[in-house]
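Peer 1: Okay, here's the structure, questions in a sec.
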Amino acid sequence: MVYLIIGILILFFYIFAVPSSIKGTVNAVTMVLLIVALIILFGLGIFKIFQLPAEYFVGFGLSVVTVLALRDINRLKPPKKPKKNFDEE
Numbered sequence: 001m002v003y004l005i006i007g008i009l010i011l012f013f014y015i016f017a018v019p020s021s022i023k024g025t026v027n028a029v030t031m032v033l034l035i036v037a038l039i040i041l042f043g044l045g046i047f048k049i050f051q052l053p054a055e056y057f058v059g060f061g062l063s064v065v066t067v068l069a070l071r072d073i074n075r076l077k078p079p080k081k082p083k084k085n086f087d088e089e
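UniProt numbering puts the first residue of the sequence shown at 1, with every later residue one more than the last.
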């Protein structure tokens with residue numbers, strides 16, 4: 001909750017009090033902070049994914065193999081049927 005209040009105060013400072021001469025610097029610092037926060041959240045998400053049971057990974061792998069197999073089956077061409085000669089019967 002404290003971080004939310006601090007964030008709102010910084011936002012109000014940026015909107016109402018920051019001179020236009022340093023807005024570029026504030027924009028750059030804000031972008032860096034957002035990128036770092038996203039990297040941290042991505043890392044934490046990866047750690048959370050690896051805590052899943054192994055069955056999820058096996059199921060995902062089997063789903064990938066199934067999709068690849070179905071794609072290969074759809075690409076197969078039907079075998080050419082030999083033309084029947086009615087004279088050879």
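All residues carry an ideal CB built from backbone N, CA and C; glycine is no exception.
#1: So, for residue 18: in the same chain, excluding its five sequence neighbours on each side, which residues have a beta-carbon less than 8 angstroms away from its beta-carbon?
#2: Specify the secondary structure class of residue 62 as computed by DSSP and reduced to three states.
#3: Classify residue 83 as helix, strand or coil using the three-state DSSP reduction.
#4: So, with DSSP's three-state summary, where would you put residue 11?
Peer 2: If we stick to the structure as given:
#1: Against the sequence shown, residue 18 aligns to sequence position 18. In its chain, beyond the 5 residues on either side, 26 have a beta carbon closer than 8 angstroms to the beta carbon of residue 18.
#2: Looking up residue 62 in the sequence shown gives position 62. Helix.
#3: Walking along the sequence shown from the start, residue 83 turns up at place 83. Residue state for residue 83 is assigned as coil, using DSSP reduced to three classes.
#4: Counting from one through the sequence shown, the residue named residue 11 turns up at place 11. Residue 11 carries a helical assignment under DSSP once its states are collapsed to helix, strand and coil.
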